[in-house]
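What follows is a set of notes on a single structure, which appears directly below.
2 protein chains.
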Amino acid sequence: MVDVGVAADLEPVPGLLPRKIARGTADFTEGPAMTRDQAMAALVIGAEIARDLVAAGNRCLVTGDMGIANTTASAALICAFTGADPAEATGRGTGIDAATYARKIEVVCRGLARHSPDPADPVGVLAAFGGFEHAALAGFILGGAALRVPVVLDGVIAGAAALAAVALAPDAVAACFAGHRSAEPGHAVTLSYLGLRPLVDLGLRLGEGTGAVLALPLVQSAARALRDVATFDSAGVADKL
Amino acid sequence: MVDVGVAADLEPVPGLLPRKIARGTADFTEGPAMTRDQAMAALVIGAEIARDLVAAGNRCLVTGDMGIANTTASAALICAFTGADPAEATGRGTGIDAATYARKIEVVCRGLARHSPDPADPVGVLAAFGGFEHAALAGFILGGAALRVPVVLDGVIAGAAALAAVALAPDAVAACFAGHRSAEPGHAVTLSYLGLRPLVDLGLRLGEGTGAVLALPLVQSAARALRDVATFDSAGVADKL
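Residue numbers (this note's numbering), protein chains in the order written: chain A, 1 to 241; chain B, 1001 to 1241.
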């Protein structure tokens, strides 16, 4: 667990890495959510976490994230990177009512209008709309991809981060596995844009790594099938029929 | 591993339960594949295996099967129980060519025409078309359901067996989880008829329990989420927003 920007002071806890960049991001309808320097700092933190996990012997990385209102920021990032319509990329998150949902779409539209994001400047897009978790996850994905380690992505927040990572380094998509397809509509848009097929599709909307963790045994099974299972030839099966 | 009807004499092997009913079934285009007594014997063997596994402490059963040409028998069973058209329920199995595929559909049609199966007589349908593995799996499903233990079904062969089990005892469907949806078209027909949603849908066609085993961690995770994960109330989260 990495604190990259919780809007509170956290006491030291075993397993919690303190990497706080700031206490929360700014309101993206009023200005950029973070500075470019903050976005870069979060990217580097994510890449360093990936590097340290791989150095410790891990052969597969799995994303998880916690954040408040981060499906809104994700929707804005998805629109900025894919060109999707805000009404198509914005979902109901924790289960908001129709009026709040309409306001959420309007907030995304307002942010896009204010920043006129340029997908050719991924750090600028991250700075405009991202949570620190998005930027750190993008760095984490890039770190895993650079080290040739597969990264199993969780839901819509990880997907939005993957769009930033792939905008920075298109080859990074080859390291990404879509753990699942969440119920958030922006996630389907994202997976389709990235050309990723979800391993699990169970209408989950919790986030926090749950969908990616569910898919991990499938990735492990696939690796073991390729490595450990006999072929007809190696097992001496005379005739496959 | 249970030998219910391999068409060869098998030497004793640790883990292989010898329960052979006959050396293979008969040609269903010429007569019933097995006698009613043989079908009943296989049903009982399957139920006994389920009973023994539950008595040994297993809390979830998973189906697997091996058989030669059993996608053809499965297609006939699926048509008999669901009323599906043979062209819709018959697939390419291990990857047969177009001419063999056309012949396979024709064989299923011929079998259905010969036996005029009555889905209200499930044992008769099993006897007409089934492999011993279909009847044993049907008994295995019924055994698990009777003991209130979930049964994770593999692909199209297990699906055809589940149709027989549910025809015998409709409530048994509540014990069934569709591990995956295989590439065999008859499997989609079957799952739709049973009202089961596959946990994994990755275009697999191997069978032999592989799809069910892939889904098992998902079932285990679901059970643990229901039993072990704190709720907002139990964790003392003041406000879910």
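Ideal Cβ positions, reconstructed from N, Cα and C, are used throughout, including at glycine.
As the structure is a computational prediction, the values presented were derived from the model and not from experiment.
Measuring straight from C-alpha to C-alpha, what distance separates residue i and residue j?
i, j, result
"residue 1064 (chain B)", "residue 1213 (chain B)", "9 Å"
"residue 1038 (chain B)", "residue 1025 (chain B)", "10 Å"
"residue 90 (chain A)", "residue 75 (chain A)", "5 Å"
"residue 1023 (chain B)", "residue 1152 (chain B)", "28 Å"
"residue 1051 (chain B)", "residue 1059 (chain B)", "11 Å"
"residue 84 (chain A)", "residue 188 (chain A)", "11 Å"
"residue 20 (chain A)", "residue 14 (chain A)", "16 Å"
"residue 130 (chain A)", "residue 194 (chain A)", "19 Å"
"residue 1 (chain A)", "residue 157 (chain A)", "16 Å"
"residue 1094 (chain B)", "residue 96 (chain A)", "48 Å"
"residue 99 (chain A)", "residue 107 (chain A)", "12 Å"
"residue 149 (chain A)", "residue 119 (chain A)", "26 Å"
"residue 101 (chain A)", "residue 17 (chain A)", "34 Å"
"residue 3 (chain A)", "residue 192 (chain A)", "30 Å"
"residue 1226 (chain B)", "residue 1219 (chain B)", "11 Å"
"residue 242 (chain A)", "residue 1010 (chain B)", "It is not possible to answer for residue 242 (chain A), since the shown part of chain A is limited to 1 through 241."
"residue 1216 (chain B)", "residue 110 (chain A)", "45 Å"
"residue 221 (chain A)", "residue 1210 (chain B)", "10 Å"
"residue 56 (chain A)", "residue 45 (chain A)", "16 Å"
"residue 1132 (chain B)", "residue 175 (chain A)", "44 Å"
"residue 1040 (chain B)", "residue 134 (chain A)", "59 Å"
"residue 1035 (chain B)", "residue 1128 (chain B)", "8 Å"
"residue 1008 (chain B)", "residue 1088 (chain B)", "33 Å"
"residue 1012 (chain B)", "residue 1208 (chain B)", "21 Å"
"residue 1223 (chain B)", "residue 233 (chain A)", "40 Å"
"residue 190 (chain A)", "residue 160 (chain A)", "7 Å"
Check this for me: beta carbons of residue i and residue j, under 9 Å apart or not?
i, j, result
"residue 82 (chain A)", "residue 104 (chain A)", "no"
"residue 123 (chain A)", "residue 77 (chain A)", "no"
"residue 136 (chain A)", "residue 68 (chain A)", "no"
"residue 1178 (chain B)", "residue 1147 (chain B)", "no"
"residue 117 (chain A)", "residue 80 (chain A)", "yes"
"residue 1053 (chain B)", "residue 1043 (chain B)", "no"
"residue 86 (chain A)", "residue 126 (chain A)", "no"
"residue 92 (chain A)", "residue 28 (chain A)", "no"
"residue 1173 (chain B)", "residue 1206 (chain B)", "no"
Under the rule that 16 or more other beta-carbon atoms within 10 Å means buried, what is residue i, buried or exposed?
i, result
"residue 70 (chain A)", "buried"
"residue 154 (chain A)", "buried"
"residue 1229 (chain B)", "exposed"
"residue 231 (chain A)", "exposed"
"residue 1066 (chain B)", "exposed"
"residue 1203 (chain B)", "exposed"
"residue 1171 (chain B)", "exposed"
"residue 5 (chain A)", "buried"
"residue 201 (chain A)", "buried"
"residue 30 (chain A)", "exposed"
"residue 47 (chain A)", "buried"
Pick helix, strand or coil for residue i, following the three-state DSSP scheme.
i, result
"residue 28 (chain A)", "coil"
"residue 18 (chain A)", "strand"
"residue 171 (chain A)", "helix"
"residue 166 (chain A)", "helix"
"residue 60 (chain A)", "coil"
"residue 214 (chain A)", "helix"
"residue 241 (chain A)", "Only weak support exists for where residue 241 (chain A) lies, its pLDDT of 48 falling under 50; the value from the coordinates is given anyway. If DSSP states are grouped into helix, strand and coil, residue 241 (chain A) belongs with coil."
"residue 1178 (chain B)", "strand"
"residue 1199 (chain B)", "coil"
"residue 1006 (chain B)", "coil"
"residue 244 (chain A)", "With chain A covering 1 to 241 only, the question about residue 244 (chain A) has no answer from this structure."
"residue 1208 (chain B)", "coil"
"residue 1185 (chain B)", "helix"
"residue 11 (chain A)", "coil"
"residue 1045 (chain B)", "helix"
"residue 1040 (chain B)", "helix"
"residue 1112 (chain B)", "helix"
"residue 1194 (chain B)", "helix"
"residue 84 (chain A)", "coil"
Quiz item: Counting Cβ pairs closer than 8 Å, one from the segment 228 to 238 of chain A and one from the segment 174 to 194 of chain A, do we hit at least three?
Solution: Contact fails: fewer than three Cβ-Cβ distances are below 8 Å.
Quiz item: Are the segment 127 to 143 of chain A and the segment 161 to 177 of chain A in contact at 8 Å, needing three or more beta carbon pairs?
Solution: yes
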